[in-house]
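Peer 1: Numbering (the numbering used here), first residue to last: 61 to 312. Glycine included, C-beta positions come from ideal geometry on N, C-alpha and C. This structure is a prediction, so every number in the text was calculated from the model and none was measured.
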Amino acid sequence: MPSSNTSPLTETERATYEWQMWVSDFGEQGQQRLKNASVLISRVGGVGSVVAYELAAAGVGKLVLAHAGDVKPSDLNRQLLMTHDWIGKPRIQSIERRLRDLNPRLEIVPVGENVNESNAVDLVQQADLVVDCAPLFPERFLMNQQAVQQRKPLVECAMYDLEAQLTTIIPGESPCLRCLYPEAPPTWTRQFPVFGAVSGTIACMAAMEAIKVIAGFGETLAGRMVHVDLRQMSFRTLRVKRRPACPTCSKT
Ligand SMILES: [Zn+2]
61 MPSSNTSPLT ETERATYEWQ MWVSDFGEQG QQRLKNASVL ISRVGGVGSV
111 VAYELAAAGV GKLVLAHAGD VKPSDLNRQL LMTHDWIGKP RIQSIERRLR
161 DLNPRLEIVP VGENVNESNA VDLVQQADLV VDCAPLFPER FLMNQQAVQQ
211 RKPLVECAMY DLEAQLTTII PGESPCLRCL YPEAPPTWTR QFPVFGAVSG
261 TIACMAAMEA IKVIAGFGET LAGRMVHVDL RQMSFRTLRV KRRPACPTCS
311 KT
């Protein structure tokens, strides 16, 4: 997903990202693409906090962040951009504050609400790529629909207990979320068992997918899904197919 805008790196950026630019098929060109990219993260909680932190650390230029509500004690085992002193205050402020501490160059568009019918179009329009970290299917289907319609790559991650899944959707090429789940699984709930080490694992993998798609190197998970089971320490990669009658992507 090369960007046409390739403003040169500053000396500070060169010094900050030197070690990752040693990755030979990424290099300075990859870094410039990250700098010029905008990523939407839908929910910046257990998974999304770590995705946002890794993308901020890697030098993605702009993050559009959607996350509602105030910090609660039960956030703190996994939502690593929330801190104890921010309990009772808006999560999105905690997120913005912590990301700025790490990377003051980062452009942040903070949105103190979750993705919904009225903001989905606008949020996706602001991004070159979407990372969907929302736990519930209505939000995930909305992101999927907008990503497919606007032809934006979508990194999809989900987790439950000690298991997690990850795939990358390239509209018009790979299966979309609705190809994989024609209907929302009935057992999916808002509250679920989770260790931060599990949400953080799949988040780091999702961040690497986003970096690869933006910078255009490596092999992405388009057309494949990774299933991670940290109870058994097993990692399986399965091929996934487009559904010819998919209500979301069959016309693209
Ligand atoms: Zn589809």
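Do proline 235 and ligand 1 come close, with the Cβ less than 7 Å from some heavy atom?
Peer 2: Looking up residue 235 in the sequence shown gives position 175. It does: the Cβ of proline 235 is within 7 Å (strictly closer) of some heavy atom of ligand 1.
Peer 1: Classify tryptophan 79: buried if its beta carbon has 16 or more other beta carbons within 10 angstroms, exposed otherwise.
Peer 2: Position 19 of the sequence shown, counted from the start, is the residue given in the question as residue 79. Label assigned to tryptophan 79: exposed.
Peer 1: Mind checking arginine 200: buried by the 16 CB within 10 Å criterion, or exposed?
Peer 2: To locate residue 200, count along the sequence shown from 1; it is residue 140. Under this definition arginine 200 is a buried residue.
Peer 1: Whole alpha helix (DSSP H) runs in the stretch 74-139 with 4 or more residues, listed along the chain?
Peer 2: You should have 87-95 and 106-118.
Peer 1: Pull up the distance between the alpha-carbon of serine 64 and that of glutamine 292, whole angstroms please.
Peer 2: The residue labelled residue 64 in the question sits at position 4 within the sequence shown. The residue labelled residue 292 in the question sits at position 232 within the sequence shown. Confidence at serine 64 is low in this model, with a pLDDT of 49, below 50, so the placement of that residue is unreliable and no value is reported for it.
Peer 1: Under the criterion of a Cβ to heavy atom distance below 7 Å, does arginine 302 qualify as lining ligand 2?
Peer 2: In terms of ligand content, the structure shown lacks ligand 2 and carries ligand 1 instead.
Peer 1: Going by CA-CA distance only, name the one from Pro164, Thr70 and Thr228 that's closest to glycine 193.
Peer 2: The residue given as residue 193 occupies position 133 in the sequence shown. The identity of residue 193 in the sequence shown is cysteine, whereas the question assumes glycine. It is Thr228 whose Cα lies nearest to the Cα of cysteine 193.
Peer 1: Mind checking whether aspartate 289 and glutamate 223 have CB atoms under 8 Å apart?
Peer 2: Residue numbering aside, residue 289 sits at position 229 when the sequence shown is read from its first letter. Residue numbering aside, residue 223 sits at position 163 when the sequence shown is read from its first letter. A contact, by the Cβ cut-off of 8 Å.
Peer 1: Spatial neighbours of proline 133 within its chain, please: C-beta separation below 7 Å, excluding the five flanking residues on both sides.
Peer 2: Counting from 1 along the sequence shown, the entry for residue 133 is found at position 73. Cβ neighbours of proline 133 beyond the five flanking positions: Ile147.
Peer 1: Less than 8 Å between the CB atoms is what I'm expecting for alanine 118 and leucine 141, so what's the real figure, rounded?
Peer 2: Here residue 118 is taken as the residue at index 58 of the sequence shown, counted from 1. Here residue 141 is taken as the residue at index 81 of the sequence shown, counted from 1. Rounded, the Cβ-Cβ distance is 16 Å, inconsistent with contact.
Peer 1: Take proline 62 and list the residues in its own chain whose beta-carbon comes closer than 8 Å to its own, dropping the five residues that flank it on each side.
Peer 2: The residue labelled residue 62 in the question sits at position 2 within the sequence shown. Here proline 62 scores only 47 on pLDDT, less than 50, and its place in the model is too uncertain to base an answer on.
Peer 1: Pick helix, strand or coil for glutamine 225, following the three-state DSSP scheme.
Peer 2: Counted from its first residue, the sequence shown places residue 225 at position 165. The answer is strand: DSSP assigns glutamine 225 an E or B state.
Peer 1: Please report how far the alpha carbon of phenylalanine 86 lies from the alpha carbon of asparagine 96, in whole angstroms.
Peer 2: Numbered from 1 along the sequence shown, position 26 holds the residue referred to as residue 86. Numbered from 1 along the sequence shown, position 36 holds the residue referred to as residue 96. Using only the alpha carbons, I get a separation of about 15 Å.
Peer 1: Could you tell me the alpha carbon to alpha carbon distance between threonine 247 and alanine 257, rounded to whole angstroms?
Peer 2: For the purposes of this step, residue 247 is identified with residue 187 of the sequence shown, where counting begins at 1. For the purposes of this step, residue 257 is identified with residue 197 of the sequence shown, where counting begins at 1. Approximately 23 Å, taken between the alpha carbons.
Peer 1: Out of Val83, Gln185 and Glu156, state which residue places its alpha-carbon closest to the alpha-carbon of isoleucine 271.
Peer 2: As a working note, residue 271 is residue 211 in the sequence shown. Residue Val83 is the option with its Cα nearest to isoleucine 271.
Peer 1: Measure the Cβ-Cβ separation of valine 273 and proline 213 and say whether it is below 8 Å.
Peer 2: Indexing the sequence shown from 1 puts residue 273 at position 213. Indexing the sequence shown from 1 puts residue 213 at position 153. Contact: yes.
Peer 1: On the three-state DSSP scale, how would you describe arginine 296?
Peer 2: The residue you call residue 296 lines up with position 236 of the sequence shown. It is a strand residue.
Peer 1: Is the beta carbon of arginine 238 within less than 7 Å of some heavy atom of ligand 1?
Peer 2: Counting from 1 along the sequence shown, the entry for residue 238 is found at position 178. Correct: arginine 238 has its Cβ closer than 7 Å to ligand 1.
Peer 1: Are the beta-carbon atoms of glutamine 225 and glutamine 185 separated by less than 8 Å?
Peer 2: Locating residue 225 in the sequence shown gives position 165, counting from the first residue. Locating residue 185 in the sequence shown gives position 125, counting from the first residue. No. Outside cutoff.
Peer 1: Given that a residue counts as buried once 16 or more other Cβ atoms are within 10 Å of its Cβ, and exposed if not, what is histidine 127?
Peer 2: Start at 1 with the first residue of the sequence shown, and residue 127 comes out as number 67. Result: buried.
Peer 1: Less than 8 Å separating the beta-carbons of leucine 136 and valine 104?
Peer 2: What you label residue 136 is simply residue 76 of the sequence shown in a count that begins at 1. What you label residue 104 is simply residue 44 of the sequence shown in a count that begins at 1. It is not a contact, given that the beta carbons lie outside the stated cut-off.
Peer 1: What are the partner residues of proline 150, as DSSP defines its beta bridges?
Peer 2: As a working note, residue 150 is residue 90 in the sequence shown. Answer is Asp130.
Peer 1: Please report the Cβ distance between aspartate 188 and serine 67, rounded to the nearest whole angstrom; I am assuming they are in contact, meaning their Cβ atoms lie under 8 Å.
Peer 2: Here residue 188 is taken as the residue at index 128 of the sequence shown, counted from 1. Here residue 67 is taken as the residue at index 7 of the sequence shown, counted from 1. With a Cβ gap of about 15 Å, aspartate 188 and serine 67 do not count as contacting.
Peer 1: Return helix, strand or coil for proline 253, following the three-state DSSP convention.
Peer 2: Position 193 of the sequence shown, counted from the first residue, corresponds to residue 253. The answer is coil: DSSP assigns proline 253 none of H, G, I, E or B.
Peer 1: Leaving aside the five residues before and after glycine 106 along the sequence, list all residues of the same chain whose C-beta is less than 7 Å from its C-beta, in chain order.
Peer 2: Taking the first residue of the sequence shown as position 1, residue 106 is located at position 46. Closer than 7 Å at Cβ, skipping near neighbours: Arg138, Gln139, Val254, Gly256 and Ser259.
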